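Numbering (full-length UniProt numbering), first residue to last: 1 to 138.
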């Protein structure tokens with residue numbers, strides 16, 4: 001599961017989700033909603049449902065988005081919850097508990113918030129390798 005790009009995306013969001021610190025709680029509020037990788041369309045991944053969002057096809061292996069609702073992050077095949085959050089400057093790291101229909105695992109992930117509509121997920125050992133996500137507005 002750790003190699004799954006969707007878990008990496010969820011990891012980036014969930015780092016803010018735990019309510020572990022006031023910084024995390026405040027940041028999590030800003031990250032509510034649907035997010036997708038740069039280069040993919042929100043309309044390809046999500047549809048509006050009431051006041052929220054849902055996946056168009058949750059079973060698709062091509063889905064590159066995540067949905068943040070409260071303190072949970074929903075990916076196309078699994079969901080995560082933050083166990084611990086730490087901050088170093090504008091970078092956040094989180095210890096995450098994730099599960100899908102068969103497996104569960106814990107791992108850490110790092111990210112930084114760029115602005116209210118973008119965040120970057122990266123590996124702290126290789127910060128030059130990153131993925132940027134943008135917020136979907138319907």
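Here a beta-carbon is modelled for each residue, glycine too, at the ideal position from N, C-alpha and C. A quick note: this is a predicted structure, and the numbers were derived from the prediction, not measured.
Nearest residue (CA-CA) to residue i, options the options
i           : options            : result
residue 34  : 67, 57 and 49      : 67
residue 45  : 55, 79, 124 and 39 : 55
residue 124 : 112, 38 and 48     : 112
residue 62  : 126, 50 and 42     : 42
residue 60  : 69, 126 and 78     : 78
residue 64  : 138, 38 and 87     : 38
residue 80  : 100, 86 and 114    : 100
residue 129 : 52, 87, 95 and 110 : 110
C-alpha distance - residue i paired with residue j, whole-angstrom precision
i           : j           : result
residue 108 : residue 57  : 27 Å
residue 36  : residue 131 : 10 Å
residue 48  : residue 74  : 15 Å
residue 97  : residue 71  : 12 Å
residue 105 : residue 84  : 14 Å
residue 90  : residue 40  : 26 Å
residue 93  : residue 122 : 10 Å
residue 17  : residue 116 : The pLDDT assigned to residue 17 is 40, lower than 50, so where the model puts this residue is not dependable; a value taken from the coordinates is nonetheless given after this. The straight-line gap from Cα to Cα measures roughly 16 Å.
residue 103 : residue 69  : 22 Å
residue 95  : residue 88  : 15 Å
Counted within 10 angstroms of its Cβ, other Cβ atoms place residue i as buried (16 or more) or exposed
i           : result
residue 82  : buried
residue 76  : buried
residue 133 : buried
residue 31  : buried
residue 138 : exposed
Any C-beta of chain D under 9 Å from that of residue i
i          : result
residue 85 : Protein chain content of the structure displayed is limited to a single chain, and chain D is not contained in it.
Residues that residue i bridges to, as DSSP identifies them
i           : result
residue 120 : 112 and 132
residue 95  : 84 and 108
residue 126 : 123
residue 36  : 65 and 134
Next on the checklist: Just to confirm the assignment: which complete beta strand (DSSP E) runs, minimum length 3, are found wholly within the segment 44–88?
Outcome noted: Segments of the beta strand (DSSP E) lying fully in the segment 44–88: 46–49, 52–55, 65–69, 72–74 and 79–88.
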